[in-house]
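Since the structure comes first, as structure tokens, the remarks are kept for the end.
Below you can see the structure in the form of structure tokens.
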């Protein structure tokens, strides 16, 4: 197996001529089509990456530093006049990485070059990046789906009781809740309190980041969400038109327009 891999690698490096990238033309638009999840470091090793390239497979993950480098290089390249963000197949990432990409988009915009985001639908993570574009265009039959932050946890006390199993959990302090699912059927008041602090802080970072990028008043995102479902029903249930009315997007356009 090792010899086969070495032989394959040797064949790749000695028998394949790598084509030079085509020269950029003046007034080029960089289409940043982010497909897959964004990671600080791709899973797998050099061998996995090599085999994927040989087999003609597209990378399944995006490296954060590659996306940042592409935007920063495009900012300095005189032949690139704009960036088009396409995020329909974006697999998302944690908020810290999203904020780094958003900062790179802002640096690109600061150079005087425009950024346009277009998509059929955006989930919460994709929209965070789209919101930092200078123009945000949504498909007329699309929508923006923001659900906030939180998590679900399974509790096993009833199941353990039926099996005749007793969990002996030792903890110090009411807020030490890692073992809680084994001796109760739901979160304690302390667990709800501590997790609320965490998720509310993350939500504040997200909400304020979008509102600043979209030049919306403080609290506008939360107010729009709180107005549901009434405001959506009043608009005929059209999610794209609702997003436009809330100023989450600038225009409703198909890709060909």
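In our numbering, the protein residues as written are 6 to 262.
Think of the CB as a built atom: it goes at the ideal place given N, C-alpha and C, for glycine as much as any other residue.
None of the values given here were measured: they were computed from a predicted structure.
8 Å Cβ cutoff met for residue 227 and residue 212: Along the chain shown, one-based indexing puts residue 227 at 222. Along the chain shown, one-based indexing puts residue 212 at 207. Yes, the pair counts as a contact, with Cβ atoms nearer than the cut-off.
Span of the beta strand (DSSP E), counted from its first residue to its last, around residue 91: Here the question's residue 91 lines up with position 86 in the chain shown. Its beta strand (DSSP E) spans residues 85-91.
Inter-stretch contact at 8 Å, needing at least 3 Cβ pairs: the region 201-220 / the region 159-173: no
N-terminal and C-terminal residue of the alpha helix (DSSP H) that residue 235 is part of: Your numbering for residue 235 matches position 230 in the chain shown. That run of the alpha helix (DSSP H) goes 235-239.
Pairwise C-alpha distance: residue 106 and residue 6: Locating residue 6 in the chain shown gives position 1, counting from the first residue. Locating residue 106 in the chain shown gives position 101, counting from the first residue. Interpretation of residue 6 is limited by its pLDDT of 40, a score under 50 that renders its predicted location unreliable; no figure is taken from the coordinates.
For residue 141 and residue 254, believed in contact at Cβ under 8 Å, the rounded distance: By 1-based counting over the chain shown, the position of residue 254 is 249. By 1-based counting over the chain shown, the position of residue 141 is 136. About 5 Å; that satisfies the 8 Å criterion.
Residue 118 versus residue 75 - alpha carbon distance: If you number the chain shown from 1, residue 118 lands on position 113. If you number the chain shown from 1, residue 75 lands on position 70. Each residue's alpha carbon lies about 14 Å from the other.
Residue 188 versus residue 200 - alpha carbon distance: Numbered from its first residue, the chain shown carries residue 188 at position 183. Numbered from its first residue, the chain shown carries residue 200 at position 195. Straight-line Cα distance between these residues: approximately 19 Å.
Segments of 4+ residues assigned as alpha helix (DSSP H) that fall wholly inside the region 76-155: 100-115, 129-135
Runs of alpha helix (DSSP H) lying entirely within the region 190-247, each at least 4 residues, in chain order: Restricted to the region 190-247, the alpha helix (DSSP H) segments that are unbroken, complete and at least 4 residues in length are 194-219, 225-231, 235-239, listed in chain order.
Residue 126 beta carbon less than 8 Å from that of residue 94: One-based indexing of the chain shown puts residue 94 at position 89. One-based indexing of the chain shown puts residue 126 at position 121. No.
Neighbour-count burial assignment, residue 204, 16 or more Cβ in a 10 Å radius: Within the chain shown, residue 204 is the residue found at index 199, counting from 1. Exposed: under 16 other Cβ atoms inside 10 Å.
Near the ligand SAM: residue 258 beta-carbon under 7 Å from a heavy atom: Of the ligands one can find in the structure shown there are none, so the ligand SAM has no counterpart to examine.
When 84, 82, 80, 43 are compared against residue 70, the one with the closest alpha-carbon: Here residue 70 refers to the residue found at position 65 of the chain shown. Closest option to residue 70, Cα to Cα, is 43.
Enclosing alpha helix (DSSP H) for residue 38 [first to last residue]: Indexing the chain shown from 1 puts residue 38 at position 33. Counting along the chain, residue 38 falls outside any alpha helix (DSSP H), though it belongs to the beta strand (DSSP E) covering 33-38.
Range covered by the alpha helix (DSSP H) that runs through residue 29: Here residue 29 corresponds to residue number 24 of the chain shown, with the count starting at 1. Residue 29 -> no alpha helix (DSSP H), and no H or E assigned at all.
Exposure label - residue 143; buried when at least 16 CB within 10 Å: Here residue 143 refers to the residue found at position 138 of the chain shown. The residue is buried, with at least 16 neighbouring Cβ atoms inside 10 Å.
Buried or exposed (CB count within 10 angstroms, at least 16 for buried), residue 116: In the chain shown, counting from the first residue as 1, residue 116 sits at position 111. Residue environment for residue 116: exposed (fewer than 16 other C-beta atoms within 10 angstroms of its C-beta).
Residue 88 beta carbon less than 8 Å from that of residue 29: Within the chain shown, numbered from 1, the residue matching residue 29 stands at position 24. Within the chain shown, numbered from 1, the residue matching residue 88 stands at position 83. Contact: no.
The alpha helix (DSSP H) enclosing residue 255, as first and last residue numbers: Position 250 of the chain shown, counted from the start, is the residue given in the question as residue 255. Careful: residue 255 lies outside any alpha helix (DSSP H) and carries neither H nor E.
Cutoff 6 Å; reference residue 124; Cβ partners in own chain excluding five residues on either side: Within the chain shown, the letter at position 119 stands for residue 124. Excluding residues within five positions, the ones whose Cβ falls inside 6 Å are 92, 93.
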